[in-house]
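Written below as structure tokens is the structure these notes are about.
2 protein chains.
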Amino acid sequence: MAITVVGSVAFDTIETPAGRRERCLGGAATYFALAASYFTDVRVIAVVGEDFGAPEEKVFTSRGIDMRGIERATGKSFFWEGSYLENLNEAKTHNTELNVFGSFQPKIPDAYRDSEFLFLANIDPVLQRRVREAMPQARLVAGDTMNYWIKDHRASLLEVLKGLDVLLINDTETRMLAGNSNLVKAARAVLDLGPRMLVVKHGEYGATVFHRADHEAGAKTFRAPALPLEEVIDPTGAGDSFAGGFFGYLASQPALTPATFRRAMFYGSVMGSFTVERFGTERLQLLSRDEIDNRFALFRELTHLD
Amino acid sequence: MAITVVGSVAFDTIETPAGRRERCLGGAATYFALAASYFTDVRVIAVVGEDFGAPEEKVFTSRGIDMRGIERATGKSFFWEGSYLENLNEAKTHNTELNVFGSFQPKIPDAYRDSEFLFLANIDPVLQRRVREAMPQARLVAGDTMNYWIKDHRASLLEVLKGLDVLLINDTETRMLAGNSNLVKAARAVLDLGPRMLVVKHGEYGATVFHRADHEAGAKTFRAPALPLEEVIDPTGAGDSFAGGFFGYLASQPALTPATFRRAMFYGSVMGSFTVERFGTERLQLLSRDEIDNRFALFRELTHLD
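Here you go:
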């Protein structure tokens, strides 16, 4: 099944203890699409500026990603500059230039309208909702958000949550959204807001999926680990890559059973673990399905008793 | 196989968001011994003061714990007062009175000398080493330590590490001991100091065991989760209870295979998860092996794909 993703395609300048990269291709939709492309067809809705050229285009086309929904606008692409010098788990933002992204109005190509899977990456909840409503055929809808929307655009965000099957956010965002510091209680409060599943990403400790009580039988809380990595080169995009692996795997499966969701959690962790091994999307551009499945086996060994 | 544990038996005054308890029975050796007592025979070496009376004694004897190595001294028992009001993951210490523990000289009853399992809880490394040398028959020796010994008593601690099979410490202690902020590199550096296994406790995210490269074949890095808990009443003793479950299970098994160590990690997490559900040792005093094995099954469901 094809996935449509709406979100940012951007240029990032990143500094980590391993070095610095100027203006590498980034953005949530980019990481998500690359990660998901190893599992299924991916279609992107985004906007880029005149600085988005042939090399960037090739990153998408090489992975067979449908770019018909990537609008070219006059001006520059979304730009972000950040560093992880003191703490690899948390980016320090030095500069954000919305540029053409500031007036982004998602346009959905007709060819995308049969997508049964829809991912709303971290953008203005008003836009997330508009895309969701314009694609009523989507039968599994997942989304992300961030502290800024939780704090200052709560009403719009709550509308989005009502239409989500799966929300993927991190610990801090979960606690902030629920107003509760206990993760389990916070998860339950978030599930009461609409989504029937909540995936909480714990960074280097993996991720946990919580289900609404009234969800399908047999779906229990499940925790996927992250791989203990000797070298984290650049954490940017790990969460979006997790979402891409998670959702891409789901879209590739004939049935969405509780076991499918557990495996999807593992594939999410697998894709996140690759992303952080190189700067930007470097590692995600050149994987093979064999490498992915070998790492999946490593994750199984890391966590399974037998 | 019997385990001998040396460490503190104390009184703790604890304040958490769930309430306050005055002078409840605590100490690393207490939590360890109670947790391990559900798996095997446990013998304690410690010192207590005149405030240690019949009710405290009963906590040990009710669980069949051998107290012949608990010396009664003139004065008061070790006392600690702390709170977890802002952060359930980190205690804020308000008061520490060493009392009779300040001049503790471990005395090993002859009846303990055939213990094949020895646990050196978090005490002065000089004493840890003395006990280890006095019990040469011990074939599996595990130990704990803390930031204070790592920073200010490094030379003594390094001597202890040379004689350890398993070191159990937390993330921060691992990074501090190794002087490296990457957990995998830090773990390798710690294993170079002597122990052939390092168990790193991650609090609410579980624990990871790292093995020395030259360790038995098939022993790979393994991560046990912690249970996502709706109510953490009191985190005191969770790490010592983990150690008790881990080591107690090992001592109860006929052979120490890699699979045994993986299951021991799960039992460690299981015992830690019980401890935090009540104040002090309340929950650990009244468990059944059925409750323990049911929770073990929950941990398996939480992490296993099939």
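Same order as they appear, the protein sequences are chains A and B. So the first sequence is numbered by this note's numbering: it starts at 1 and just counts up by one. So the second sequence is numbered by this note's numbering: it starts at 1001 and just counts up by one. Where is the CB? At the ideal position from N, CA and C, for every residue including glycine.
Rounded distance between the beta-carbons of residue j and residue i, thought under 8 Å
i, j, result
"L1034(B)", "L1284(B)", "4 Å"
"A207(A)", "G248(A)", "Going by Cβ atoms, the distance from A207(A) to G248(A) rounds to 15 Å, so no, they are not a contact pair."
"V1141(B)", "T1174(B)", "The pair is not a contact, with the Cβ atoms about 19 Å apart (cut-off 8 Å)."
"G1069(B)", "I1014(B)", "Contact doesn't hold; Cβ gap of about 26 Å is too wide."
"P1195(B)", "L1229(B)", "Not really, about 29 Å apart at Cβ, beyond 8 Å."
"V1131(B)", "I1045(B)", "7 Å"
"T1236(B)", "G1026(B)", "6 Å"
"R1129(B)", "G1163(B)", "7 Å"
"Y1031(B)", "S1241(B)", "5 Å"
"D1144(B)", "N1122(B)", "4 Å"
Coil, strand or helix - residue i by DSSP
i, result
"S37(A)", "coil"
"L1191(B)", "helix"
"D12(A)", "strand"
"D290(A)", "helix"
"K151(A)", "helix"
"R1139(B)", "coil"
"N1180(B)", "coil"
"M1271(B)", "helix"
"M265(A)", "helix"
"G1248(B)", "helix"
"A1238(B)", "helix"
"L1076(B)", "For clarity, residue 1076(B) is Lys in the given sequence; the question names Leu instead. If DSSP states are grouped into helix, strand and coil, K1076(B) belongs with coil."
"G203(A)", "helix"
"N99(A)", "helix"
"E1277(B)", "coil"
"R1295(B)", "helix"
"T1172(B)", "helix"
"S1115(B)", "coil"
"T145(A)", "coil"
"T1303(B)", "helix"
"D1110(B)", "helix"
"F222(A)", "strand"
"L120(A)", "strand"
"F1052(B)", "coil"
Per-residue contacts from residue i into chain B (C-beta, under 8 Å)
i, result
"F266(A)", "L1305"
C-beta atoms of residue i and residue j nearer than 8 Å
i, j, result
"M271(A)", "G239(A)", "no"
"E159(A)", "A138(A)", "no"
"S8(A)", "A36(A)", "no"
"T16(A)", "Y84(A)", "yes"
"T281(A)", "P225(A)", "no"
"G1053(B)", "G1075(B)", "no"
"V1232(B)", "L1120(B)", "no"
"F60(A)", "F11(A)", "no"
"Y1308(B)", "R1212(B)", "Shown here, chain B extends from 1001 to 1306; a query on residue 1308(B) therefore has no answer."
"S77(A)", "D51(A)", "yes"
"P1125(B)", "S1156(B)", "yes"
"M265(A)", "F222(A)", "yes"
"A251(A)", "T4(A)", "no"
"V47(A)", "E81(A)", "no"
"L161(A)", "L193(A)", "yes"
"R21(A)", "F279(A)", "yes"
"P1136(B)", "V1006(B)", "no"
"R300(A)", "L1298(B)", "no"
"A219(A)", "F261(A)", "yes"
Within chain B, the residues that residue i reaches when beta carbons sit closer than 7 Å
i, result
"T221(A)", "P1228, L1302"
Interface partners of residue i on chain B, CB under 9 Å
i, result
"T208(A)", "P1225, P1228, L1302"
"N294(A)", "Result: empty, since nearest Cβ-Cβ is about 14 Å, beyond 9 Å."
Chain-ordered chain A contacts of residue i [CB-CB under 9 Å]
i, result
"K1185(B)", "E230, E231"
Chain-ordered chain A contacts of residue i [CB-CB under 8 Å]
i, result
"N1170(B)", "The contacting residues do not exist; N1170(B) stays about 13 Å from chain A at best."
ask   = Going along the region 1190 to 1205 of chain B in order, which residues come within less than 8 Å of chain A, judged by CB to CB distance?
value = H1202, E1204, Y1205
inquiry  = If the cut-off is 8 Å on Cβ atoms, which residues from the region 1228 to 1262 of chain B count as contacting chain A, listed in chain order?
reply    = P1228, L1229, E1230, E1231, V1232, A1259, R1262
message = What are the residues in the region 1099 to 1111 of chain B lying within 9 Å of chain A by C-beta distance?
response = Those would be none; no residue qualifies.
task = Compile a chain-ordered list of the residues in the region 1116 to 1137 of chain B whose CB is closer than 9 Å to at least one CB of chain A.
result = none
query = Given a limit of 7 Å on CB to CB distance, which residues of the region 152 to 183 of chain A reach chain B?
reply = N182, L183
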